Amino acid sequence: MEDKEYFGVLISSRAWRAAIAKNEPHYRLKKLAEANQEVDFNMYLFPVKNVDLKAQTIKALYFDPSDKTWKIAVFPYPDILYRRGGASRKFKDHYKKFLKQCEERNTVILNPSPIENWQVYDYFTTKESLTSNLVETNLYEGKEDLFYMIKKYGSVNLMEAAGSNKKRVTRADANRGNRYTFYYFNPNKQKVESRNNLKLRELNRAIMDFYKGSEFMVQEGIDFLKLNGRQVDLRAELQKTSDGTINISGISARLSRDKSPITIQTDAFPIDELFELLKISPAGKQSLMQQINEFLISVYKNTEEQYGEFAELGIDFALTKDLQIKFIKCKSQSAKGSFAKAFGKEKLHPVMVNILSYSQEMLKGKREGENLTFWQKFSSWFKGNSNNLT
């Protein structure tokens, strides 16, 4: 197997522990390994804590097709790195050193950078093709930012500036008598809770307590489309194909929990089913889908302008009650959970094949570029020294 390229899949320590306990990884990682049978990389899965920076080796999990079992072995650094997880605070420095070593080895990194919510949102405001899809958004720098926004709009959404955890999205609404309600997700109880009848300064204190020093954004509240009182948002999964074309693999509509103002989803289904429930005419559906597709491609291309080339993106967006498209955020490490719920686990296969096939072409292109650079340098050297060789 040493003549094959090494495809390293970085996973979280939690995913690693679960895989070791069960003698197999999560089903979405298993689907990636199944797709690899068509592309045939030397693939392995690992958390950053298993990286030996000095020896530049990695203790990892791999699938052995000879007996169809998962085993552990030590591998060299990857030719291609696919980041499906990050690093805890304890291993942040270790992680940074590993990535630097990968860059020095010219490793192809499929998702080159985490996408920071505030940074990408601020960048999109400079892009004419996306300005109509944005709501007013400010980085919280003091209570005046919150006061201004909630007095202006009556409802605001709040989101971590750098994080990607949907459970860290909150909402604040203005009520009668200059009182306010703060909605947030309680991970211990696994439900949305609220703090009610707050004065403005009490609201600010509750929000500060929730984010605990993390930077966050204050956004104009989106007038989300709702079904039976449940808020709807959408997740699009996009990948590059082997020829570099951006492919929209599927768009999932996701429902919030009952009467929740925060879209912590419990259900997901294809966008076509959403259109059927809304009883949109065929012509209206065609027009709206064209707008959505153009929006998604624009988000993908503009994200790459800011961060570099991606093999895939997960893009969250909303439809308002009057069917206007509003950007929420995008992720370079989409778990594809909503996609699997909406379209079925078997539909993950072509998505994974796309990622692997594109990776193959990226690696091929990089090596051809390295060879070209070598011959350019050699040609330049030869011309400058040809007289000395005769």
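Following the numbering used here, the numbering of the sequence shown begins with 24 at its first residue and continues without gaps. Just so you know, even glycine gets a beta-carbon here, dropped at the ideal spot from N, CA and C. Source: prediction; values computed, not measured.
For residue i and residue j, I'd like the C-alpha separation in whole angstroms.
{"i": "Glu216", "j": "Gln142", "result": "29 Å"}
{"i": "Arg253", "j": "Phe333", "result": "33 Å"}
{"i": "Phe86", "j": "Leu76", "result": "24 Å"}
{"i": "Gln329", "j": "Glu61", "result": "32 Å"}
{"i": "Lys324", "j": "Asn198", "result": "40 Å"}
{"i": "Tyr118", "j": "Ala110", "result": "7 Å"}
{"i": "Phe233", "j": "Tyr171", "result": "20 Å"}
{"i": "Leu395", "j": "Leu311", "result": "With a pLDDT of only 43 at Leu395, under the threshold of 50, the placement of this residue in the model should not be trusted; the figure read from the coordinates follows. Distance between the alpha carbons of Leu395 and Leu311 is about 45 Å."}
{"i": "Arg390", "j": "Ser382", "result": "12 Å"}
{"i": "Lys400", "j": "Thr130", "result": "At Lys400 the pLDDT is 46, less than 50, meaning the model places this residue with poor confidence and gives no usable figure here."}
{"i": "Phe114", "j": "Glu126", "result": "18 Å"}
{"i": "Tyr207", "j": "Pro137", "result": "24 Å"}
{"i": "Ile95", "j": "Arg128", "result": "24 Å"}
{"i": "Trp39", "j": "Pro70", "result": "6 Å"}
{"i": "Phe362", "j": "Arg258", "result": "8 Å"}
{"i": "Gln356", "j": "Tyr105", "result": "9 Å"}
{"i": "Asn211", "j": "Leu261", "result": "32 Å"}
{"i": "Ser36", "j": "Lys308", "result": "43 Å"}
{"i": "Asp281", "j": "Lys214", "result": "10 Å"}
{"i": "Ile320", "j": "Ile269", "result": "7 Å"}
{"i": "Arg107", "j": "Ala358", "result": "8 Å"}
{"i": "Asp116", "j": "Lys123", "result": "11 Å"}
{"i": "Glu369", "j": "Asn251", "result": "30 Å"}
Return helix, strand or coil for residue i, following the three-state DSSP convention.
{"i": "Tyr381", "result": "helix"}
{"i": "Thr337", "result": "Here the sequence assigns Gly to residue 337, which means Thr is not the residue at that position. Looking at Gly337 - three-state DSSP - the assignment turns out to be strand."}
{"i": "Leu133", "result": "coil"}
{"i": "Arg112", "result": "helix"}
{"i": "Glu238", "result": "coil"}
{"i": "Ser265", "result": "coil"}
{"i": "Thr149", "result": "coil"}
{"i": "Arg128", "result": "coil"}
{"i": "Gln347", "result": "coil"}
{"i": "Tyr67", "result": "strand"}
{"i": "Gln356", "result": "coil"}
{"i": "Val158", "result": "coil"}
{"i": "Gln79", "result": "coil"}
{"i": "Asn73", "result": "helix"}
{"i": "Gly244", "result": "coil"}
{"i": "Pro101", "result": "coil"}
{"i": "Asn140", "result": "helix"}
{"i": "Asn251", "result": "coil"}
{"i": "Ala365", "result": "helix"}
{"i": "Asp87", "result": "strand"}
{"i": "Ile274", "result": "strand"}
{"i": "Ile285", "result": "coil"}
{"i": "Asp232", "result": "helix"}
Among residues of its own chain, excluding the 5 on either side of residue i, which ones have a beta-carbon nearer than 8 Å to its beta-carbon?
{"i": "Glu384", "result": "Ser265, Asp266 and Gly267"}
{"i": "Leu221", "result": "Arg202, Tyr203, Thr204, Phe205 and Ala229"}
{"i": "Lys302", "result": "none"}
{"i": "Leu181", "result": "Tyr163, Val192, Thr193, Arg194, Ala195, Ile230, Tyr234, Phe239, Met240, Val241 and Gln242"}
{"i": "Lys27", "result": "Asp63, Phe64 and Asn65"}
Short of 6 Å in beta carbon distance, which residues of its chain neighbour residue i, apart from the five on each side in sequence? Order them along the chain.
{"i": "Leu297", "result": "Ala276"}
{"i": "Lys366", "result": "First, the amino acid is wrong: residue 366 is Phe here, not Lys. Correct list, in chain order: Gly273."}
{"i": "Ile294", "result": "Ile274 and Ala276"}
{"i": "Trp404", "result": "Here Trp404 scores only 47 on pLDDT, less than 50, and its place in the model is too uncertain to base an answer on."}
{"i": "Ser146", "result": "Correcting the residue identity first, residue 146 is Tyr in this sequence and not Ser. Cβ neighbours of Tyr146 beyond the five flanking positions: Gln329."}
Ignore the nearest five residues each way along the sequence and tell me which others in residue i's own chain have a CB closer than 7 Å to its CB.
{"i": "Lys166", "result": "Asn227"}
{"i": "Ile351", "result": "Asp256, Asp339, Phe340 and Ala341"}
{"i": "Phe98", "result": "Tyr29, Tyr67, Thr80, Ile81 and Ala83"}
{"i": "Glu47", "result": "Lys53 and Trp93"}
{"i": "Tyr176", "result": "Glu243 and Gly244"}
{"i": "Met375", "result": "Lys54, Leu55 and Ala58"}
{"i": "Thr286", "result": "Gln254, Asp256, Arg277 and Ser279"}
Find the nearest neighbour of residue i within the set the options, judged by alpha-carbon distance.
{"i": "Lys349", "options": "Asn325, Ile245, Ile294 and Asn140", "result": "Ile245"}
{"i": "Val20", "options": "Pro210, Ile271 and Gly109", "result": "Residue 20 lies beyond the residue range present for the chain, which begins at 24 and ends at 413; the question has no answer from this structure."}
{"i": "Ala58", "options": "Asp116, Pro88, Glu127 and Asn156", "result": "Pro88"}
{"i": "Leu133", "options": "Ala56, Glu391 and Leu386", "result": "Leu386"}
{"i": "Thr160", "options": "Ala184, Ile138 and Lys150", "result": "Ala184"}
{"i": "Asn209", "options": "Glu327, Cys125, Arg40 and Lys190", "result": "Lys190"}
{"i": "Asn219", "options": "Gly200, Ser237 and Phe362", "result": "Gly200"}
{"i": "Leu33", "options": "Lys45, Asp290 and Phe121", "result": "Phe121"}
{"i": "Asp290", "options": "Lys364, Lys45, Met375 and Gln213", "result": "Lys364"}
{"i": "Lys150", "options": "Asn377, Phe318 and Phe292", "result": "Phe318"}
{"i": "Leu223", "options": "Lys249, Leu248, Ile173 and Asn73", "result": "Ile173"}
List the endpoints of the continuous alpha helix (DSSP H) containing residue i.
{"i": "Glu328", "result": "Pro305 to Tyr330"}
{"i": "Lys53", "result": "Tyr50 to Val62"}
{"i": "Gly31", "result": "Segment Tyr29 to Leu33 is the beta strand (DSSP E) holding Gly31; no alpha helix (DSSP H) there."}
Residue range of the beta strand (DSSP E) that residue i falls in?
{"i": "Leu221", "result": "Lys214 to Leu221"}
{"i": "Tyr207", "result": "Arg202 to Asn209"}
{"i": "Ala291", "result": "Asp290 to Pro293"}
{"i": "Arg37", "result": "No beta strand (DSSP E) holds Arg37; the alpha helix (DSSP H) holding it covers Ser36 to Lys45."}
{"i": "Phe170", "result": "Counting along the chain, Phe170 falls outside any beta strand (DSSP E), though it belongs to the alpha helix (DSSP H) covering Lys166 to Tyr176."}
{"i": "Asp196", "result": "Thr193 to Asn198"}
For chain D, is any of its Cβ atoms less than 8 Å away from the one on residue i?
{"i": "Tyr100", "result": "Looking at the structure shown, chain D is missing, and only one protein chain is on hand."}
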